[in-house]
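Position 230 of the sequence shown, counting from 1, maps to 242 under the working numbering, and the rest follow consecutively.
From the three backbone atoms N, C-alpha and C, an ideal C-beta is built for every residue, glycine too.
Here the structure is a predicted model, which means the values were calculated and not measured.
Notes for the one structure printed next.
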Amino acid sequence: MNAIFVVGTGRSGTHFLARLLAGFENVHDPFHGEESGAILQDVAKAALHHRLPSEATEQHFRTAIRTNGPILVDQHHPNLFFASHWASRLDDPLFLYPDRPARQTVASMMRHRGVRSWYRYARKKAFSLKDRLPYPNRFLGVDSYFELERSPLHLLCVKRIAAHHRAYKAEKEKLGSRLRRVAYETLVADPETALEQIFSKDERARLGHFTLTEEPKAASLEKYRDILTEAQVREIDEIENRLIRNPNRNYAPAHVRS
């Protein structure tokens, strides 16, 4: 294990997890809990356009693993879509996927300008003569540009979460234990115990001594109540149960809402 990539949906706890990992003495995060704007743009656009990240991004990761160690931590979360690619190209990376309840994630997404900017980008690209986005879109989780235009923001966000969860499951089949789920609520409740459960004994020895440098905020678990209506929460929960938590269950057709 020479690198840990924190991957997943924006606002799902990726930054929180990355900052916690930085508490291990043998871990180094060159961006100090943030992202490189250039790398994030490259990786996210690659996911949106169903292509691979650039050679410059690959070279960055190669160099960072070699020079920022012993263990590099990276939190450019759209790397979720390229976990198996990076596993085949880079030196012994591990991938961690924070799994946060959709209602919490959606509420945070709706308040975050950077997250919403990808919908503006998609609308702009809809009429581009070149580099038009493909549909169905694996990153946004919508089947068409018309769905993007007609769906309210909270439903767009939960569909995006579901699409990322599908990507997690597909990559998990390829990578097995090299891609690991991290329950966000468990991480908030007891970070040290949660981290102990993520890593093997040998991995913990390689990570070194741990110091809690990022205090968990229990209020983050309930903040969605100030942002979402009860009706929105019901809609989000319904989609989460149908597409993420119980995808193989047979559901009665949803009522058409006005």
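| So, are the CB atoms of L160 and R135 less than 8 Å apart? | With contacts defined by Cβ atoms closer than 8 Å, L160 and R135 form a contacting pair.
| field | Member of R31, D111, H62, H221 whose CA lies at the smallest distance from the CA of D86 | value | R31
| message | DSSP has P110 in a bridge; who is on the other side? | response | V194.
| request: Report the residue from A76, K181, T205 whose alpha carbon sits nearest the alpha carbon of I16. | output: Ranking A76, K181, T205 by CA distance to the CA of I16 puts A76 first.
| task | Using three-state DSSP, classify L92 as helix, strand or coil. | result | helix
| request: Express the C-alpha separation of L60 and T21 in angstroms, rounding to a whole number. | output: 13 Å
| message | So, with DSSP's three-state summary, where would you put D103? | response | coil
| message | Quick check for students: name the residue ranges of the alpha helix (DSSP H) that lie wholly in the segment 138 to 181, counting only runs of 4 or more. | response | 157 to 162
| request: Would you identify the three-state DSSP class for I239, choosing helix, strand or coil? | output: Residue state for I239 is assigned as coil, using DSSP reduced to three classes.
| query | Closest to Y133 by CA distance: which of Y109, L152, R23 is it? | reply | L152
| request: Please name the residue, chosen from M13, N38, S189, S48, that lies closest to H27 on a Cα-to-Cα basis. | output: S48
| request: Would you be able to state if there are at least three C-beta pairs under 8 Å between the segment 244 to 258 and the segment 64 to 74? | output: no
| field | Proximity of H166 and E247 at Cβ, strictly below 8 Å | value | yes
| said: Among the candidates L191, D41, M122, S212, whose CA atom is the shortest distance from the CA of L84? | reply: When only C-alpha atoms are compared, the closest one is D41.
| task | Write down the C-beta distance between L187 and A95 rounded to the nearest angstrom, noting that I regard them as a contact closer than 8 Å. | result | That pair is a contact at about 6 Å.
| query | To the nearest angstrom, how far is it from the Cα of T241 to the Cα of K235? | reply | CA-CA distance, T241 to K235, rounds to 12 Å.
| query | Pick from G35, R74, H89, I51: whose alpha carbon is nearest that of R23? | reply | Comparing Cα positions, the closest option is H89.
| message | Classify Q116: buried if its beta carbon has 16 or more other beta carbons within 10 angstroms, exposed otherwise. | response | buried
| message | Buried or exposed, going by whether 16 or more other CB atoms sit within 10 Å of the CB of S189? | response | exposed
| said: According to DSSP, simplified to helix, strand and coil, what is D41? | reply: coil
| message | In this structure, how does DSSP classify H267 when only helix, strand and coil are distinguished? | response | Residue placement at H267 is poorly supported in this model, since its pLDDT is 40, which falls under 50; the coordinates are not used for a value here.
| said: Would E183 and L108 be called neighbours here (beta carbons separated by less than 8 Å)? | reply: No, they are not a contact pair.
| Close beta carbons around F73, own chain, < 6 Å, minus the five adjacent residues each side | L102
| How do the segment 221 to 239 and the segment 195 to 209 stand: do at least 3 beta-carbon pairs fall below 8 Å, yes or no? | Touching, yes, given that three or more Cβ pairs across the two stretches are closer than 8 Å.
| request: Determine the direct distance from the alpha carbon of G45 to that of V127, and round the result to whole angstroms. | output: 17 Å
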